[in-house]
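Numbering (the working numbering), first residue to last: -10 to 166.
For reference, the structure is listed below as structure tokens.
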């Protein structure tokens, strides 16, 4: 009888151990599922936040666009005389405009182009592409008779390097005189 009692105790302990192991496995699965749900919710929130940030950036009143390759700035002024920028602005009347480029790192492409596009109803309308040969520098101005904006509107100007790779770009608004 003692032998049967010992066997019964052993089987009972064994059953309890199997139940505990099985329960722990189920709990582990539930924790994984909750973790996946939490990660998915975090990713959705992150995606929502980045989408909101992107739309804010798009709607931003700033007319400048910075290059992702080489941090810098393309902006505009009326003229560049004796190492001085004259009347820097984002808005000009129709006519000649000087394009300024200031980069964090030097522009190593000697042959560059300025691509002019007019923005009409969210679409880009090609205006012109002007070739320049420049020294290796991180600060330069571009003056050219083709930088004559005759039609009012919003324009995007992009400095293109080798193989027409964009270096930096900026936007300018042209209004009637």
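Just so you know, even glycine gets a beta-carbon here, dropped at the ideal spot from N, CA and C.
- DSSP lists 145 as the bridge partner or partners of residue 160.
- Relative to residue 113, the option among 142, 87, 91 and 124 whose CA is nearest is 142.
- Under the three-state reduction of DSSP output, residue 70 falls in the strand class.
- With contacts defined by Cβ atoms closer than 8 Å, residue 150 and residue 101 form a contacting pair.
- Leaving aside the five residues that flank residue 121 on each side, the residues in its chain whose CB is nearer than 8 Å to its CB run, in chain order, 100, 101, 102, 103, 131 and 133.
- Collapsing the DSSP output to three states places residue 137 in a strand.
- Taking every protein chain shown into account, the CB of residue 144 has 16 or more other CB atoms within 10 angstroms, so this residue is buried.
- Residue environment for residue 64: buried (at least 16 other C-beta atoms within 10 angstroms of its C-beta).
- For residue 127, the enclosing beta strand (DSSP E) starts and ends at 126 to 131.
- As DSSP reads the structure, residue 117 sits in a beta bridge with 105.
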